[in-house]
Amino acid sequence: MNKNVIVLFSGGLDSILVYKIVRAWGFEPVAITLTSPFIKKLDKEYYRKKQGINFREIDFTNVQYEAIKSPIYGYGKAINPCIDCHAAMIRMAKEEMEKEGAAFIATGEVVGQRPMSQRKDAMNSVEKLSGVKGYIVRPLSGGLLAATIPEKNGMIKREWLYKITGRGRKEQYQLCEEFGIEDIPSSGGGCLLTEKSFIGRVKAVIKYDNRIALNYIKYGRMFDLEGTLFILARNEEESEYIFRNGGDKVIFPKNRIGPTGIILGKGKEIEACKIIGRYSKGEGKHIECEYRGEIIKTEVYNEKNIDTIVD
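Count along the sequence shown from 1, add 5, and you get the number used in the numbering used here.
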């Protein structure tokens, strides 16, 4: 029997515990972390040094984007398609399970901890949608759930599974003591899709199916320029990020002090330059911007409120 187990690792306390639990059962946990512009990036060194966990990163961007565009089970309070998204995660974990010849997939889900994706019926929906029914083991709440195939086959025992429910952390903290976990990470979620401030941005990206914009989704001010998205930095750090990564899509002021922007689409450089003028410092009513090696001269956008702004 292959002793490898795929652990879907989010970096939170629950997934750390699951990693430790699976190892205590005698299996070899293989931690995978899915990455995308919407998911907080984990510090590999921290988890290696403080938690003794090495994880493999897998790009989840395109798969997650498809789940966001047209979720079967809808959105949460913001633009978070939690059930569809988690099912997509499980499908990717299944691919790794098959590559490794692993015994099963383990997750840190806790019944009742999250209102949309961690109800019992939602967990059943995830299994159905992912096509991985019977091979998802949830060590923290498994004692409250139906037996999985690994349990039926005798790989794991019912008494090994915990019966944790709800949003409290008392039982998890007790397990931390058992496993010698001293550095406990915060329990807050790390997905931008749960934040209402990102609804407009994500909808604008979907509207034009502008996947390049996903790389800038959490940066700057976003403007909808009728078919083109324009993102303008809010500070020096964002200006540097855009300038460093934007290639020939970058536009920046020449005769005034102001932020760097990126044009994600065709044309609209004059409108973008006007907007840069609105957020820059300098004398006069005109602004000069450099875009693809050429100088654009135009009037500063002098409207108090710019109606093309998404947020």
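Beta carbons are placed, not taken as given, at the ideal position from N, Cα and C, and that holds for glycine. Just so we're clear, the structure is a prediction, and the values are computed from it rather than from any experiment.
- Within the segment 19-106, the runs of beta strand (DSSP E) that reach at least 3 residues and sit entirely inside it are, in chain order, 33-40 and 60-64.
- Per DSSP, the unbroken alpha helix (DSSP H) holding E132 starts and ends at K125 to S135.
- Taking C-beta atoms as the reference points, D253 and R297 count as a pair closer than 7 Å.
- Annotated as proximal: I222 and R206, with beta-carbon spacing under 7 Å.
- V10 is bridged by DSSP to P34.
- The criterion of a C-beta distance shorter than 7 Å is satisfied by L237 and R226.
- Judged by DSSP in its simplified three-state form, D229 adopts strand.
- Residue environment analysis places A151 among the exposed positions, since fewer than 16 neighbouring C-beta atoms fall within 10 angstroms of its C-beta.
- Shown here for I21: same chain residues with a beta carbon closer than 6 Å to its own, the five before and five after excluded, namely Q56 in chain order.
- Nearest neighbour of N158 by Cα position, chosen from Q118, A108, R174 and S202, turns out to be A108.
- Annotation: the continuous beta strand (DSSP E) that includes G266 extends over G266 to L269.
- Between the alpha carbons of G251 and T265 lies a gap of roughly 10 Å.
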